[in-house]
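Worksheet for the structure shown next.
2 protein chains.
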Amino acid sequence: MSETIEVVQSNELIQKAGRAKAAASELANMTTQQKNAALHLVSTELLLEQEFLMAQNSKDLAAGKDAGMSESLLDRLKLDMPRLNDMAAALIQLTELPDPVGEVLEEWERPNGLAISTVRVPLGVVGMIYEARPNVTVDASSLCLKTGNAVLLRGSSTAIHSNKALVQVIHQALEKSDLPVDSVQLLEDTSRETAAEMFKLNDYLDVLIPRGGAKLIQTVVKNATVPVLETGAGNCHVYIDESADPEMAIDIAINAKTQRPSVCNACESILVHENWAAEHLPDLIAALQEKGVRIHGDAAVQQQGSSVVPVTEDDWETEYLDLEVAVKVVETADEAITHINRYGTKHSEAIVSSSTENADKFFLEVDAAAVYHNASTRFTDGFEFGFGAEIGISTQKLHARGPMGLPALTSTKYVIRGNGQVK
Amino acid sequence: MSETIEVVQSNELIQKAGRAKAAASELANMTTQQKNAALHLVSTELLLEQEFLMAQNSKDLAAGKDAGMSESLLDRLKLDMPRLNDMAAALIQLTELPDPVGEVLEEWERPNGLAISTVRVPLGVVGMIYEARPNVTVDASSLCLKTGNAVLLRGSSTAIHSNKALVQVIHQALEKSDLPVDSVQLLEDTSRETAAEMFKLNDYLDVLIPRGGAKLIQTVVKNATVPVLETGAGNCHVYIDESADPEMAIDIAINAKTQRPSVCNACESILVHENWAAEHLPDLIAALQEKGVRIHGDAAVQQQGSSVVPVTEDDWETEYLDLEVAVKVVETADEAITHINRYGTKHSEAIVSSSTENADKFFLEVDAAAVYHNASTRFTDGFEFGFGAEIGISTQKLHARGPMGLPALTSTKYVIRGNGQVK
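Residue numbers (this note's numbering), protein chains in the order written: chain A, 1 to 423; chain B, 1001 to 1423.
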């Protein structure tokens, strides 16, 4: 019995991956106009099918409630009119962005007369692995279609009715378009075993993109042999240098910590130069406490009041994603940089300082996707950077680092024109 | 006993990986001048220590002979004066290439006044896994030093004396330089178990680069969780279109197949349009046979003479790397493209044709790192492309595709300058 189930699972995975691969070679030849027309059709179909989508979503919501899912998870799972309208609007916005595919990045001629150019091409088939939010289904599909990639989606079992309904609606739209309907594939089998098989499907998938919590991402990174675009974890710091403007420093620290604590570019530790601390640490602590932030501090910070909890080694490594912060007083900018390079996750790091020299040192020596001088870490985001779309924020160093726009979903091809050259 | 050995192995791996990681953060801050000065010192030291290096190399050669190693493998293993001189010269050439690190790729300003730039930075620690050739030890180390990366080398046990001697000489040179001596680390433990541990050393290594045969590369790809730069396998085709100039087509096919059959950009299959074949196939077959090429042909090709062996399904998938070729007559350019996308390894593919339309179709639809019109596939090479250095030829789509020059050993960092911006 269990063996039969496994065979069925494999079949679905291989069949759908195979269909996506076949669709990918057709998709690579689609024009920008054809792709944008398809995105418009998906947008329209989402609006037309709102009732159906909400009805299917309500099955997932009911099952989630029965299973005791938390309010915040239920909220993430929910598809309502405003959210469906937002999805439809995002699809239209995507049609307005430049198509990276076909872009000529470089052209040169060799002494032997060969004319070489580097041209952007789609990656092929993108494997997307994500958690409860059903909007990722539409988001990932539309970004892939825009860049000429096929996508194999593996969402959460808790959102399976919503995801199936959304993909059905996308397929209805693709039927009316020039793009292959098979461009978007959803795995209905959400078992761990099939996910594990998907991680190693190198013959079909060109890249895996996990979207979700740190645990999901690490599971993919540690088990995949398909190349992974690693996104996510952000243990970000704000370092307040000796010469920092007090008001600016406190504004930036408060914004980075409290404006939206649950996201990866929020600040988790604040490092303060001792000379700045001598005068301004009480104001910083007061401002944090006023925002309801629980403070884990070193000995110097604990002197600010009994409500400061002693910081532990674990705190320096913790991504609280909540109204909590670890605070450390340092003797030098070098000590701050060493601390950040030891405990940071190479996501977003900020220095507040009036010294250009220290800012340049911080830029050079801190190893992170985004390094800031006198600005909040909260700006690490594809939209804030002006990319118009975001695949995620890469915390790895290969292929793409930091906020990823549409070009992160492309590769390149060398096109070489000759007139009979041989070696 | 066996447990003790494993602990020792792990210790060497972790210790050396840790030293490389510490060196990497120093290396990232070295100037182009400091790095070039170190490369000059390594070059000089290699020349000064020729006697020592050849003496150590002779131990590997003797062990290889005793073990019955083939003449061609012994030749790859050998370090003699001309080869050591070539290595020293290559190091000097490397100093003359532009340093990609620090290059500003893009700069823009956001409406809120944030000034963002994308700056090239080193990857960090490169793990290099390679086979018998000891020159890779110097080649990989010098490319990494030039790009500010530390390197952890894992060569073959058959070259261990040569590799240890080369790394000792590199260390002697680094002692005299500003660069950390620990920038180059060689694993003396060449066991499979330790290699398997190295494949999963995500906390220390930023990338793994396998250099060697298809089997080695696939072992790394299938087992590594550290991101891999996949290089190598090339099942390349030359397609001779209906309108191809006969002389040019035969020249290109002969060059791609026979100029150096053992390399990845050599041609393994020739596809011929039936209308071209009707008149010119006998000339092509004769030219190949004159060069001593064994021909595996389909029914149409077999009619050219009894020396043509019937082609099998396996042949289409085979990278002969020898004076053998599979030949197929096709009815259309589409059939050729479909065949290439089915059996090719996405390395280098060529069309010979007088039709710009068919060339453009081939460029668009063939999925490969390098696509050629009227030129030999043998040009897929970092030096032929004018990069001045080559890390390898990537056959994957993430990060780098095709011949990889120095920039393939770099990542990027977003540097953001503000004046107090908060979100």
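Even for Gly, the Cβ is constructed at its ideal location relative to N, Cα and C.
- Along the region 105-138 of chain A, the beta strand (DSSP E) occurs as fully enclosed runs of 3 or more residues at 115-122, 125-130, listed in sequence order.
- With the rule of 3 Cβ pairs closer than 8 Å, the region 94-110 of chain A does not count as touching the region 128-135 of chain A.
- Against chain B, the CB of Glu365 of chain A has a partner CB under 8 Å away; the residue lies at that interface.
- Arg76 of chain A: member of the alpha helix (DSSP H) spanning 71-77, first to last residue.
- Exclusion of the five residues before and after Cys1264 of chain B leaves Gly1232, Ala1233, Gly1234, His1347, Ile1393 as the residues of its chain whose Cβ lies within less than 7 Å of its Cβ.
- One alpha carbon belongs to Gly18 of chain A, the other to His296 of chain A, and they sit about 52 Å apart.
- A Cβ-Cβ contact shorter than 8 Å links Val1371 of chain B with Phe1362 of chain B.
- If you look at Arg1211 of chain B, you'll find it isn't in any alpha helix (DSSP H); it sits in the beta strand (DSSP E) that goes 1207-1211.
- Across the set B:Asn1112, B:Val1136, B:Ala1024, B:Arg1294, the C-alpha of B:Ala1024 shows the shortest separation from the C-alpha of Gly1148 of chain B.
- Val1151 of chain B and Val1184 of chain B have their C-alpha atoms some 5 Å from each other.
- Residue contact check for Arg1342 of chain B against chain A: no CB pair falls below 8 Å.
- For Arg342 of chain A, the enclosing alpha helix (DSSP H) has its first and last residue at 333-343.
- Here the alpha carbon of Gly386 of chain A sits roughly 43 Å from the alpha carbon of Tyr1239 of chain B.
- Cβ atoms of Leu84 of chain A and Leu53 of chain A come within 8 Å of each other, at about 6 Å.
- The three-state reading of DSSP puts Pro261 of chain A in coil, since its state is none of H, G, I, E or B.
- A straight-line Cα-Cα distance of about 21 Å links Glu12 of chain A and Pro134 of chain A.
- Between Arg1342 of chain B and Leu1323 of chain B, the C-beta gap is not smaller than 8 Å, which leaves the two residues out of contact.
- Excluding five sequence positions before and after Pro122 of chain A, the CB atoms of its chain that fall closer than 8 Å to its own CB belong to Ala24, Leu27, Ala28, Val101, Thr147, Gly148, Asn149, Leu409, Thr410, Ser411, given in chain order.
- Looking from the CA of Glu1268 of chain B, the closest CA among B:Ser1376, B:Asp1189, B:Asn1358, B:Lys1176 belongs to B:Ser1376.
- Comparing alpha-carbon positions, the option among A:Asp314, A:Asp360, A:Val325, A:Val169 lying closest to Ala266 of chain A turns out to be A:Val325.
- Between Ala1038 of chain B and Ala1165 of chain B the beta-carbon gap is near 19 Å, outside 8 Å, which marks them as no contact.
- Distance check between Val226 of chain A and each of A:Leu216, A:Asn202, A:Met248, A:Val138 places A:Asn202 closest, using alpha-carbon atoms only.
- For His1040 of chain B, same chain residues with a beta-carbon under 8 Å away, outside a window of 5 residues either side, are Leu1091, Ile1092, Thr1095 in chain order.
- By the Cβ neighbour-count rule, Ser156 of chain A is buried, with 16 or more other Cβ atoms within 10 Å of its own.
- Rounded to the nearest angstrom, the Cβ distance from Tyr1204 of chain B to Lys1021 of chain B is 5 Å, consistent with a contact under 8 Å.
- At a Cβ-Cβ threshold of 8 Å, Val329 of chain A and Glu247 of chain A do not count as neighbours.
- If only complete runs of 3 or more residues are kept, the region 1207-1292 of chain B shows the beta strand (DSSP E) at 1207-1211, 1236-1240, 1267-1273, in order along the chain.
- The alpha carbon of Thr380 of chain A has as its nearest neighbour, out of B:Asp1360, B:Lys1413, B:Asn1419, B:Ala1278, the alpha carbon of B:Lys1413.
- Contact annotation: the region 1177-1193 of chain B does not touch the region 1281-1290 of chain B, with fewer than three C-beta pairs closer than 8 Å.
- For Trp1108 of chain B, the chain A residues whose C-beta falls within less than 9 Å of its own C-beta are Phe385, Gly386, listed in chain order.
- Between Arg1211 of chain B and chain A, the shortest Cβ-Cβ separation is not below 8 Å.
- A Cβ-Cβ separation of about 23 Å leaves Ser1191 of chain B out of contact with Ile1170 of chain B under the 8 Å criterion.
- Rounded to whole angstroms, Ser1072 of chain B and Val1138 of chain B show a C-alpha spacing of 21 Å.
- If you draw a straight line from the Cα of Ala132 of chain A to the Cα of Leu216 of chain A, it comes to about 12 Å.
- Residue pairing for Glu1197 of chain B: DSSP places it in no beta bridge.
- Legend: CB atoms of the region 1398-1412 of chain B lying less than 7 Å from CB atoms of chain A belong to residues Leu1398, His1399, Arg1401, Gly1402, Ser1411, Thr1412.
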